[in-house]
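Everything on this sheet refers to the single structure shown next.
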Amino acid sequence: MAADDTNHQMWEKLGIDLAKHDQLLGVLPTIYKQVYVDSQQNRPKGMGFFEFVIGDVHGIRIKELVQAKADGKMIVGTFCLYVPDEIIVALDGVSIGLCGGTNFSNYAIEGVLPTNTCALIKSALGFGFGKICPYYAIADILVGETTCDGKKKAWEVLAKNKAVYVMETPQLKGRTQARTHFIDELKALVKQLEDVSGKRLTAEKLRDAMEKISKKRAQLRRVYETRKANPPPISGKDSLLVSQIAFYDDPDRQIEMVGKLADECEERVGKGEGVVPKDTKRILLSGTPQAVPNWKLHDIVETSGGVIVCEETCTGTRYFESTYELKGDTVDELLERIADRYLGINCACFSPNTARTDDIVRLAREYNVDGVLLYTLSFCDPYQYEAVSLENDLKKAGIKVLSINTDYASEDAGQIKTRVEAFLETLQ
Amino acid sequence: MTVVTVGIDIGSLATKVVLLKDGTILDYVIERSRHSFKERAKELVDEMLQKQGLVMKDVSSILGTGYGRHSIKDIYGQAPVTEITAHAKGVNYFIPNAKTVIDMGGQDTKVILLGKGGKVLDFQMNDKCAAGTGRFLEVMAKTLDVELDYLGDLDAKSTKEVTISSTCTVFAESEVISLIASGESKPNIIHGLHRAIASRVNGMVRRMGVIPDVVFCGGVAKNQGMVRALEKELSSKIHLPKDPQITGALGSAIIAAERLPPGN
Numbered sequence: 001m002a003a004d005d006t007n008h009q010m011w012e013k014l015g016i017d018l019a020k021h022d023q024l025l026g027v028l029p030t031i032y033k034q035v036y037v038d039s040q041q042n043r044p045k046g047m048g049f050f051e052f053v054i055g056d057v058h059g060i061r062i063k064e065l066v067q068a069k070a071d072g073k074m075i076v077g078t079f080c081l082y083v084p085d086e087i088i089v090a091l092d093g094v095s096i097g098l099c100g101g102t103n104f105s106n107y108a109i110e111g112v113l114p115t116n117t118c119a120l121i122k123s124a125l126g127f128g129f130g131k132i133c134p135y136y137a138i139a140d141i142l143v144g145e146t147t148c149d150g151k152k153k154a155w156e157v158l159a160k161n162k163a164v165y166v167m168e169t170p171q172l173k174g175r176t177q178a179r180t181h182f183i184d185e186l187k188a189l190v191k192q193l194e195d196v197s198g199k200r201l202t203a204e205k206l207r208d209a210m211e212k213i214s215k216k217r218a219q220l221r222r223v224y225e226t227r228k229a230n231p232p233p234i235s236g237k238d239s240l241l242v243s244q245i246a247f248y249d250d251p252d253r254q255i256e257m258v259g260k261l262a263d264e265c266e267e268r269v270g271k272g273e274g275v276v277p278k279d280t281k282r283i284l285l286s287g288t289p290q291a292v293p294n295w296k297l298h299d300i301v302e303t304s305g306g307v308i309v310c311e312e313t314c315t316g317t318r319y320f321e322s323t324y325e326l327k328g329d330t331v332d333e334l335l336e337r338i339a340d341r342y343l344g345i346n347c348a349c350f351s352p353n354t355a356r357t358d359d360i361v362r363l364a365r366e367y368n369v370d371g372v373l374l375y376t377l378s379f380c381d382p383y384q385y386e387a388v389s390l391e392n393d394l395k396k397a398g399i400k401v402l403s404i405n406t407d408y409a410s411e412d413a414g415q416i417k418t419r420v421e422a423f424l425e426t427l428q
Numbered sequence: 429m430t431v432v433t434v435g436i437d438i439g440s441l442a443t444k445v446v447l448l449k450d451g452t453i454l455d456y457v458i459e460r461s462r463h464s465f466k467e468r469a470k471e472l473v474d475e476m477l478q479k480q481g482l483v484m485k486d487v488s489s490i491l492g493t494g495y496g497r498h499s500i501k502d503i504y505g506q507a508p509v510t511e512i513t514a515h516a517k518g519v520n521y522f523i524p525n526a527k528t529v530i531d532m533g534g535q536d537t538k539v540i541l542l543g544k545g546g547k548v549l550d551f552q553m554n555d556k557c558a559a560g561t562g563r564f565l566e567v568m569a570k571t572l573d574v575e576l577d578y579l580g581d582l583d584a585k586s587t588k589e590v591t592i593s594s595t596c597t598v599f600a601e602s603e604v605i606s607l608i609a610s611g612e613s614k615p616n617i618i619h620g621l622h623r624a625i626a627s628r629v630n631g632m633v634r635r636m637g638v639i640p641d642v643v644f645c646g647g648v649a650k651n652q653g654m655v656r657a658l659e660k661e662l663s664s665k666i667h668l669p670k671d672p673q674i675t676g677a678l679g680s681a682i683i684a685a686e687r688l689p690p691g692n
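Chains A and B, in that order, are what the protein sequence lines are.
With the working numbering applied, the first sequence corresponds to residues 1 to 428, in that order.
With the working numbering applied, the second sequence corresponds to residues 429 to 692, in that order.
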């Protein structure tokens, strides 16, 4: 039987709307080819694996999940990096990031979500409601969090069609009571996931999972480290794809494959080999997360003569930059390590969040960037608020800034291209 | 040695061509853009050269800018420059003291902060829609059944302040229609439209500060009513380049000359 037919049978069993899903899978390769293959040269060979994974986005990995489920493992869908995947992995579960990066699925949320909802939430819920995402379909439970207002209310909508558990993340994370509360929330999450998985969390299992996830993050950090070179050995687009895939692929395989890619990038840096000519204008992109296949801004920058060398986003440094010590003899002690790591991530959902400005200034220096692109999705209040103050703060720090507010539609691509090109011209 | 360069600014509504010889404007033309940006540009360049008794090999370099800039890359073979950088250069040529440039074109509005020698220090550009741009005024002129070129003269005849609350082309059009229906005079409505645009531009300018000299360019700068509305809204004198519509094409002709290797 052809792989195509087995895939269709598998999707059908998961309740996927096959006609719509075929349409979706028909569109993706065209976008990928245009953005990744036709407009790039001299990519690291290690990208071959990631190209294969994205090319078979709803195939092999879903097959693995079907098998995992048959083996009694729980599948947990998440929408935010604040949901600790080490806890899921420690309970022998699989964590899958479910954010959506295309407006293809918007048809499915008409009349379900308000129009002025950010593209990320619309897309994610659209995939679920439209039954066009097998990851969403196969998940035993979805874990939401109380980060932004849009998401908080979205869980209520989502709960009508799927088992959802909401973890409370604090709003004012600087306070001691916030830490205490967050630790309690992690404990409650553990209890919930123990019930779903039918397994008990032990300190040993949690420590092992923390070690595994730490290793994965370390490999992503290695790839980023090489991007500090001039010229960078890997494009922003390719690095973004690697981070995006890290949210849903098997962590062990990621440690191996991202590790191999990092080896190659390090080698290229050693030889002075770049993916773009030396002294190509270097851009730090900072702002809202970029879910698959949202490559819009990276594509515009990198086809306008610039290169993105770092992402201060949830699909960038916020995902893997901070670390913890693997110390602790009890689950509770380890959960404290986890809580402290996550509370150290500077997302715009928190107030105040001035440490994010410090992060951006630091990254701008470390990556020796020529300018910062502040990227916000329309209707994302927290990041839009911060973009306004950041623009002023960064300019005061002598850093060139361009702010872009957009969504997944392509209607403004021409205007954005003009602005990006003009911005790059000012960096000459 | 004589250096002749050509700058082409392909806007969404108009195509502008400037012929520059040793830093002096030899000739320029402003014509409606056509469906094929590329053919239109080539046609205008060829006509101008012929008129001036020049042939292509007399020209050292041709550089495009504007909305259609990428469409002529393959005929004149060099990476185009954005209209933001080009306007900055062109404005600096006419008005060396210019610091703040407001460029109002067919489908977008830009505010540019200039440094020494016409270098772009910072800029703002309107988001995706054509709210409050040349196209906006074109649609309103049609709705009011007046010639686009008369908007400035009619504005001068206004007798009272009429508020138009939207710069969205669709919403403003229906506001205009209801004002016509209620018997409001055309000059008053036009004045209201200019004020609505000025207020929108003010928001963009304020993000960088109103630093004199403030210069207004682009096709809409030919509209005196718009100039007066901006002066009032920004509480600042507005300077106009000799021909405000050619600063983009002029700027790209200047940049084309600057890009030439030394000794050319």
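Positions of the beta carbon are idealized from the N, C-alpha and C atoms, including for glycine.
Residues of chain A with a Cβ closer than 9 Å to the Cβ of D536/B are, in chain order, Q415 and T418.
F423/A is classed as buried because its beta carbon has at least 16 other beta carbons within 10 Å across all chains shown.
Around the beta carbon of D85/A, 16 or more other beta carbons lie within 10 angstroms, which makes this residue buried. Contact residues of the region 567-590 of chain B toward chain A are absent (C-beta to C-beta distance below 9 Å). Taking 8 Å as the cut-off between beta carbons, the residues of the region 512-529 of chain B near chain A are I512 and T513, in sequence order. The same chain holds no residue with a CB closer than 6 Å to that of G637/B once the five nearest residues on each side in sequence are set aside. With a threshold of 16 other beta carbon atoms within 10 Å, T313/A meets it and is buried. For the 7 Å CB-CB criterion, T433/B and S488/B form a contact. The beta carbon of K466/B lies closer than 6 Å to those of S499 and I500 in the same chain, with the five residues before and after it left out. Chain-order list of chain A residues neighbouring M632/B: empty, with the shortest C-beta distance near 12 Å, by a criterion of under 9 Å.
Nearest Cα to G48/A within the set S286/A, L394/A, I183/A and V242/A: V242/A. Chain-ordered, the chain B residues with CB closer than 8 Å to the CB of E425/A read V509, T510, I512, T513 and V548. In this structure the region 358-370 of chain A lies against the region 279-286 of chain A, because at least three pairs of beta carbons, one per stretch, are closer than 8 Å. Around the CB of D577/B, fewer than 16 other CB atoms lie within 10 Å, so the residue is classed as exposed. Using a Cβ-Cβ distance cut-off of 8 Å, the region 128-142 of chain A and the region 68-87 of chain A are in contact, since at least three pairs of beta carbons, one from each stretch, lie closer than that value. Per DSSP, the unbroken beta strand (DSSP E) holding K538/B starts and ends at T537 to L542. Here T288/A really is in contact with C380/A; their C-beta atoms are around 5 Å apart, less than 8 Å.
Taking the beta carbon of A291/A as reference, no residue of chain B falls within 8 Å; the closest one sits roughly 21 Å away. A check of alpha carbon separations from G100/A across G414/A, N294/A, Y342/A and N405/A identifies N294/A as the nearest.
Relative to D22/A, the option among F104/A, Y165/A and K63/A whose CA is nearest is F104/A. Taking C-beta atoms as the reference points, T169/A and T146/A count as a pair closer than 7 Å.
Residues of the region 249-265 of chain A that bring their beta carbon within less than 9 Å of a beta carbon in chain B are absent altogether. The beta carbon of A203/A lies closer than 8 Å to those of G328, D329, T330, V331, E333 and L334 in the same chain, with the five residues before and after it left out.
In the three-state scheme derived from DSSP, where H, G and I count as helix and E and B as strand, K444/B is classed as strand. The DSSP assignment places complete beta strand (DSSP E) segments of no fewer than 3 residues inside the region 209-292 of chain A at 281-287, in order along the chain.
By the Cβ test, the region 679-692 of chain B is in contact with the region 432-446 of chain B, since at least three Cβ pairs between them sit closer than 8 Å. Nearest CB-CB separation between M636/B and chain A: not below the 7 Å threshold. Annotation note: the region 92-170 of chain A contains the following uninterrupted beta strand (DSSP E) runs of length 3 or greater, listed N- to C-terminal: 94-97, 141-145 and 164-167.
Against chain A, the beta carbon of M553/B has neighbours under 9 Å at Q415, T418, R419 and A422, listed in chain order. About 6 Å separates the Cβ atoms of K131/A and I16/A, confirming a contact at the 8 Å cut-off.
Leaving aside the five residues that flank D412/A on each side, the residues in its chain whose CB is nearer than 7 Å to its CB run, in chain order, T406. For F350/A, no alpha helix (DSSP H) run applies, since DSSP gives it neither H nor E. As the crow flies, the alpha-carbon of T354/A is around 17 Å from that of I399/A. For the set I416/A, D370/A and R268/A, the Cα lying nearest the Cα of L394/A is the one of D370/A. Contiguous alpha helix (DSSP H) elements confined to the region 559-628 of chain B occur at 562-572, 579-584 and 597-609, taking only those with 4 or more residues.
For L377/A, the closest of Q290/A, M210/A, D4/A and V190/A by C-alpha to C-alpha distance is Q290/A.
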